[in-house]
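In what follows, a structure is listed as structure tokens, so that the remarks can point back to it.
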Amino acid sequence: MRKSHACITCEYWSTMEVQNSFSSLVLGSFARPSWTSLLLVFTVLIIFTLQFSGNPIWPAPGRGEGTAFWDTGGPPSCAGFFRDVPVRKVVMSIEDFGGVGDGETSNTAAFWRAIRYMESFGQRGGSQLNVPRGRWLTGSFNLTSNFTLFLQEGAVILGSQDDGSSYNRRFYKGFANNWG
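In this note's numbering, the protein residues as written are 1 to 180.
This is the structure in structure tokens:
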């Protein structure tokens, strides 16, 4: 017995309703993800990938593959990044300016004197101030262009609240007398 065309259409639509209700039931709880949620998932995957990797991401310049800049056999260091430091015309030590690396004496004035003096070599090949082994207590100071502050092995700069105000007053007083 042949079905009529209307019955075939009814069966088709009832089958489609069952499929639509099933797909809406299964996929109804899922919405199209926004770009922010996709970005979040991607970021989390990248972070987990980096956390569990045993190889360094960025090898040190000038070294073989797989050697990280901190893998020098000694204490942690970032010295591998600074291999191409320019050779400076004038090289002096902070001790030449009265610095004492005992960890107790303030060296703020010594650093200011050194940097002020070394600044004059900026256009003539630059300058380098070496800080030898020791603990160098100092307040803040500003570095200048074409200048290298080089800490030798074992040198530690300790920050303090010393603003160098006594040296600062003498410097500006002399500046005003010479130029004012």
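Just so you know, even glycine gets a beta-carbon here, dropped at the ideal spot from N, CA and C.
{"query": "Inter-residue CB distance, VAL100 and GLN128 (contact presumed, cutoff 8 Å)", "result": "Contact doesn't hold; Cβ gap of about 20 Å is too wide."}
{"query": "Length-filtered (3 minimum) beta strand (DSSP E) runs lying within the region 98-123", "result": "102-106"}
{"query": "Residue range of the unbroken beta strand (DSSP E) whose run includes GLY134", "result": "134-138"}
{"query": "ARG113, buried or exposed, once every other Cβ within 10 Å from all chains shown has been counted against 16", "result": "buried"}
{"query": "Collapsed DSSP secondary structure at SER37 in the structure displayed", "result": "helix"}
{"query": "Nonlocal neighbours in the same chain, by C-beta distance under 8 Å from LEU158, ignoring five residues either side", "result": "GLY103, ARG135, TRP136, LEU137 and THR138"}
{"query": "Alpha carbon of ASN142 to alpha carbon of GLU95, nearest angstrom", "result": "18 Å"}
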